[in-house]
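A.B. asks: This structure is in structure tokens; I'll ask about it shortly.
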Ligand code: UD1
Ligand code: CA
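Have a look at this one:
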């Protein structure tokens, strides 16, 4: 049996009041569509397609930048979820069973999908809807069951009678269909309903042979149509992720201001301090202390690393490194074992060798630095000449005096030194000292030349 998945992501989501399509609105700094695509990939469908519509170029850009082998289908006008699904007819036709998912319900997971598919197969239903009971069902389609409890239809909020509106079992927007049955039902949908849209949910009544997989995990079915909904999703999942990390041995003294993305991995005995946001595909080792007030995105961090008030993006930090307070790693840095980076240091696209110290007020850009180098306070690599960027190379055990400007491209040899305050425009051979300074001039009795205000 072949399986396919169609994710509906064409809606504008007017209530978000966003410039982007709703499915790109984020939960824990990741677009909702990304969560749904991850679940679909983890499930392992033979084919995955996404129906785009409103600002489709943004949705397609996100997909192609982050996923492979996802086909997209364009819905030119947002006429409802039934119309959206019909745009993916080509994919539906090519598989035996198709799963339709909403791109704005991020917590659907592979396990729930597997359970629903196994009910779908066992029961022989032509459509199986994933449902759950939730405390505040307003806005969701309600699961209508006959007196015997048999699932018969989904009623949208706008079309609910007052009695139906009291039903707490809701449609998650995730379904398995026999592909043939779905393709036959879609052209029969009508938009004569309170919403004036072609509802995919009406396929249940048209197809008839329907089942509902009522899952216990109410969170799995939640969707977001507004910023308030998004906030509720963020709040719910944030703690869930933090508690799961605790179970894995990660420490938190308080959860205040801590946001950790769903794909982040953190080792045991690492302590995360307040106001720390860790996102993307960041991996952090064991025994680290991250925070307070740190922002880490797409970094690979070793063991026993201390990051105090640090921002780091797309960089690698090896074991036993200490950074901070108040320093920044911009993309493309490799900070090797035992490096110490102190306060007000910015490093970009550079490789800093083992045990090197960059203690204070320094900018290193496009630099390759050996091991055991010492930077005095206030060093700058002048890597940009106004048109091009150039690299600076510094050999191991070099000593860069305070306030040195290194005008790239330039090389400082191993074990070489620069005098404090020097602007270095020539390569310095190994073991040499380079000093670029005028002699100090002393003017005796200078005070006698003008009236200096004395307190
Ligand atoms: C839908 C379901 C509802 C369910 C809820 C779960 C229908 C008619 N209703 O309602 O039963 O409880 O999801 O969250 O399906 N979309 C398109 N093109 C369109 C319209 C929508 O691609 O023309 C996409 C949206 O981008 C969204 C998804 O389909 O990702 C769901 O659409 P939305 O309008 O949010 O449906 P709901 O009213 O939430
Ligand atoms: Ca929705």
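Residue numbers (the numbering used here): 23 to 477. Yeah, the Cβ is synthetic: ideal placement off N, Cα and C, and Gly gets one too.
(1) Identify whether residue 350 lies in helix, strand or coil by the three-state DSSP scheme.
(2) Could you check what DSSP says for residue 219 in three-state terms: helix, strand or coil?
(3) Are the beta-carbon atoms of residue 173 and residue 167 separated by less than 8 Å?
(4) Assuming residue 132 contacts residue 64 (C-beta within less than 8 Å), just tell me the rounded distance between them.
(5) Could you pull out every residue in the same chain whose Cβ sits closer than 7 Å to the Cβ of residue 128, ignoring the five residues on either side in sequence?
(6) The beta strand (DSSP E) with residue 408 in it runs from where to where?
(7) Evaluate residue 295 with the Cβ neighbour count: other Cβ atoms within 10 Å of its Cβ, from every protein chain shown; 16 or more gives buried, anything less gives exposed.
(8) According to DSSP, what are the bridge partners of residue 274?
(9) May I ask you to list the residues that DSSP assigns as paired with residue 199?
(10) Determine the DSSP secondary structure at residue 266, reduced to helix, strand or coil.
(11) Quick one: what does DSSP say residue 178 is sitting in, helix, strand or coil?
(12) Where does residue 77 fall in DSSP's three states?
(13) Among 383, 426, 212 and 392, whose alpha-carbon lies nearest the alpha-carbon of residue 375?
(14) What does the Cβ neighbour count give for residue 245, buried or exposed, with the cut at 16 atoms within 10 Å?
(15) So which residues put a beta carbon under 5 Å from any heavy atom of ligand 2, going in chain order?
(16) Run through DSSP, which three-state label would residue 225 get?
(17) Since residue 537 and residue 298 should fall inside the 8 Å C-beta cutoff, what is the C-beta to C-beta distance between them, to a whole number of angstroms?
(18) State the DSSP-derived secondary structure class of residue 344, mapped to helix, strand or coil.
(19) Is the Cβ of residue 288 closer than 8 Å to any Cβ of chain D?
(20) Which residue or residues does DSSP assign as beta-bridge partners of residue 69?
(21) Considering residue 112, what are the terminal residues of the alpha helix (DSSP H) in which it resides?
(22) Measure the Cβ-Cβ separation of residue 335 and residue 363 and say whether it is below 8 Å.
(23) Do you know offhand how far residue 385's Cα is from residue 400's?
(24) Hey, how far is the Cα of residue 35 from the Cα of residue 249?
(25) Within the same chain, show all residues whose beta-carbon is closer than 6 Å to that of residue 370, passing over the 5 residues directly before and after it, in chain order.
(26) Any chance the region 434–449 sits against the region 410–419, with 3 or more Cβ pairs inside 8 Å?
(27) Quick check: what's the CA-CA separation for residue 372 versus residue 116?
(28) Classify residue 199 as buried or exposed, calling it buried when 16 or more other Cβ atoms lie within 10 Å of its own Cβ.
(29) Taking the CB atoms as reference points, tell me whether residue 113 and residue 62 lie closer together than 8 Å.
(30) What would DSSP say about residue 243, mapped onto helix, strand or coil?
(31) Can you pull the DSSP bridge partners for residue 173?
(32) Let me confirm a value: residue 459 is counted as buried when at least 16 other C-beta atoms fall within 10 Å, else exposed. Which label applies?
(33) Within the chosen definition, does the region 147–160 reach the region 224–243 through at least 3 CB pairs nearer than 8 Å?
(34) If you count every other CB in all the chains shown that lies within 10 Å of the CB of residue 350, and 16 or more means buried, which is it?
(35) For residue 37, I'd like the list of residues in its chain whose CB is within less than 7 Å of its CB, leaving aside the five on either flank, ordered along the chain.
(36) Can you say whether residue 120 is buried or exposed, counting buried as having 16 or more other CB atoms within 10 angstroms of its CB?
C.D. replies: Taking the definition as stated:
(1) One-based indexing of the chain shown puts residue 350 at position 328. Collapsing the DSSP output to three states places residue 350 in a strand.
(2) Position 197 of the chain shown, counted from the first residue, corresponds to residue 219. DSSP places residue 219 in coil when its eight states are reduced to three.
(3) Start at 1 with the first residue of the chain shown, and residue 173 comes out as number 151. Start at 1 with the first residue of the chain shown, and residue 167 comes out as number 145. Yes, these two residues count as a Cβ contact at 8 Å.
(4) Translated into positions along the chain shown, residue 132 becomes position 110. Translated into positions along the chain shown, residue 64 becomes position 42. About 4 Å; that satisfies the 8 Å criterion.
(5) What you label residue 128 is simply residue 106 of the chain shown in a count that begins at 1. The residues are 49, 54, 57, 58 and 255.
(6) Position 386 of the chain shown, counted from the first residue, corresponds to residue 408. If you look at residue 408, you'll find it isn't in any beta strand (DSSP E); DSSP assigns it neither H nor E.
(7) Within the chain shown, residue 295 is the residue found at index 273, counting from 1. So residue 295 counts as buried.
(8) One-based indexing of the chain shown puts residue 274 at position 252. Beta-bridge pairing links residue 274 to 294.
(9) Here residue 199 corresponds to residue number 177 of the chain shown, with the count starting at 1. Residue 199 pairs with 120 and 149.
(10) Taking the first residue of the chain shown as 1, we reach residue 266 at position 244. Helix.
(11) As a first step, residue 178 is located in the chain shown; it is residue number 156 there, counting from the start. In the structure shown, residue 178 adopts coil according to DSSP, grouped into three states.
(12) Residue 77 sits at position 55 when you count from the first residue of the chain shown. Collapsing the DSSP output to three states places residue 77 in a strand.
(13) The residue you call residue 375 lines up with position 353 of the chain shown. For residue 375, the closest alpha carbon among the candidates 383, 426, 212 and 392 is that of 392.
(14) On the chain shown, position 223 is the one that residue 245 refers to. Buried, by the Cβ-count rule.
(15) Qualifying residues come out as 126, 245 and 247.
(16) Here residue 225 refers to the residue found at position 203 when the chain shown is read from its first residue. Helix, per DSSP.
(17) Outside the displayed range of the chain (23 to 477) lies residue 537, so it cannot be described from this structure.
(18) Within the chain shown, numbered from 1, the residue matching residue 344 stands at position 322. Looking at residue 344 - three-state DSSP - the assignment turns out to be strand.
(19) As a matter of chain content, chain D is missing from the structure shown, which is built from one protein chain.
(20) Locating residue 69 in the chain shown gives position 47, counting from the first residue. DSSP lists 26 as partners of residue 69.
(21) As a working note, residue 112 is residue 90 in the chain shown. Taken as a continuous stretch (DSSP letters only), the alpha helix (DSSP H) holding residue 112 covers 111–115.
(22) The residue you call residue 335 lines up with position 313 of the chain shown. The residue you call residue 363 lines up with position 341 of the chain shown. Residue 363 sits away from residue 335, with the two beta carbons spaced by 8 Å or more.
(23) Here residue 385 refers to the residue found at position 363 when the chain shown is read from its first residue. Here residue 400 refers to the residue found at position 378 when the chain shown is read from its first residue. CA-CA distance, residue 385 to residue 400, rounds to 8 Å.
(24) Position 13 of the chain shown, counted from the start, is the residue given in the question as residue 35. Position 227 of the chain shown, counted from the start, is the residue given in the question as residue 249. Rounded to whole angstroms, residue 35 to residue 249 spans 10 Å at the Cα level.
(25) Counting from one through the chain shown, the residue named residue 370 turns up at place 348. Leaving aside the five residues that flank residue 370 on each side, the residues in its chain whose CB is nearer than 6 Å to its CB run, in chain order, 352 and 387.
(26) A contact is defined here as three or more CB-CB pairs under 8 Å, and the region 434–449 meets this definition with respect to the region 410–419.
(27) Walking along the chain shown from the start, residue 372 turns up at place 350. Walking along the chain shown from the start, residue 116 turns up at place 94. So the alpha carbons of these two residues sit roughly 49 Å apart.
(28) Locating residue 199 in the chain shown gives position 177, counting from the first residue. Buried.
(29) Taking the chain shown and counting its residues from 1, one reaches residue 113 at position 91. Taking the chain shown and counting its residues from 1, one reaches residue 62 at position 40. Not closer than 8 Å, so no.
(30) Here residue 243 is taken as the residue at index 221 of the chain shown, counted from 1. Of the three classes helix, strand and coil, the one that applies to residue 243 here is helix, per DSSP.
(31) One-based indexing of the chain shown puts residue 173 at position 151. According to DSSP, residue 173 shares a beta bridge with 167.
(32) As a working mapping, residue 459 is identified with position 437 in the chain shown. When all chains shown are included, residue 459 counts as exposed.
(33) Yes: at least three Cβ pairs fall under 8 Å.
(34) To locate residue 350, count along the chain shown from 1; it is residue 328. So residue 350 counts as buried.
(35) In the chain shown, the residue the question calls residue 37 occupies position 15. Excluding sequence neighbours, residue 37 sits near 247 and 248.
(36) In the chain shown, counting from the first residue as 1, residue 120 sits at position 98. Around the beta-carbon of residue 120, 16 or more other beta-carbon atoms lie within 10 Å, marking it buried.
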